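K.L.:
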Amino acid sequence: MRGETVVVRRPTAGGVDPFGSPSVVWVEEVVEDVLVAPGPRNDADGAIRPDGKIIAWTLHFPKTFDQSLKGCEVRVRGEVPRPVVGDPKPYTLENTPTRWWMPVELEGVDG
């Protein structure tokens, strides 16, 4: 198996805008060796996804990446960045004999 390169976009505080509201600056980080799989191809069924979320991609991050992805977005294959669903956690090292250990779902609904 070969991983791909993705871009993680992390929101950081960017000061205040001209109206005094807090702003967000997106900091990008390139992550190598991520396994990329398309998400399931079903409709946003309320019984399956109560919030109407469709999973666009399922990623498996390598053990070399150990940061939180909560609130982040990820760009896969040059497409628009997709929000990370929830706060992904890695499997234990004992249960992951390969290089990858953290499954991450990306939300995406087009149309």
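For the sequence shown, counting from 1, position 12 maps to 12 in the UniProt record's numbering; every step adds exactly one.
Beta carbons: idealized from backbone N, C-alpha and C, even for Gly.
Fair warning: this is a prediction, and the values are worked out from it, not measured in the lab.
Roughly how many angstroms separate the alpha carbons of Glu106 and Asp33, rounded to a whole number?
P.N.:
According to the sequence shown, residue 106 is Leu rather than Glu. So the two alpha carbons sit approximately 17 Å from each other.
K.L.:
With Thr5 and Val30 assumed to form a contact (beta carbons below 8 Å), what rounded beta-carbon distance in angstroms separates them?
P.N.:
Right, the Cβ-Cβ distance comes to about 6 Å (below 8 Å), so this counts as a contact.
K.L.:
Can you tell me the Cβ-Cβ gap for residue 116 and Leu69, rounded? I've got them flagged as a contact below 8 Å.
P.N.:
What the structure shows of the chain is the stretch from 1 to 111, and residue 116 is not part of that stretch, so it cannot be assessed.
K.L.:
Count the other CB atoms, across all protein chains shown, that sit within 10 Å of the CB of Leu59; report buried if there are 16 or more and exposed otherwise.
P.N.:
With 16 or more other Cβ atoms within 10 Å, it is buried.
K.L.:
Confirm, please, whether the CB-CB distance from Gly14 to Pro62 is below 8 Å.
P.N.:
Going by C-beta atoms, Pro62 is not nearer than 8 Å to Gly14.
K.L.:
Output yes or no for whether 8 Å exceeds the beta carbon distance between Val7 and Arg75.
P.N.:
In contact: Val7 and Arg75 (Cβ atoms closer than 8 Å).
K.L.:
Can you tell me where the beta strand (DSSP E) holding Phe61 begins and where it ends?
P.N.:
Looking at the DSSP string, the run of the beta strand (DSSP E) that includes Phe61 is Ile55 to Pro62.
K.L.:
Please state whether the Cβ-Cβ distance between Ala37 and Gly108 is less than 8 Å.
P.N.:
Cβ atoms of Ala37 and Gly108: not closer than 8 Å.
K.L.:
Checking the sheet assignment: what are the DSSP bridge partners for Trp101?
P.N.:
Answer is none; Trp101 lacks a bridge partner.
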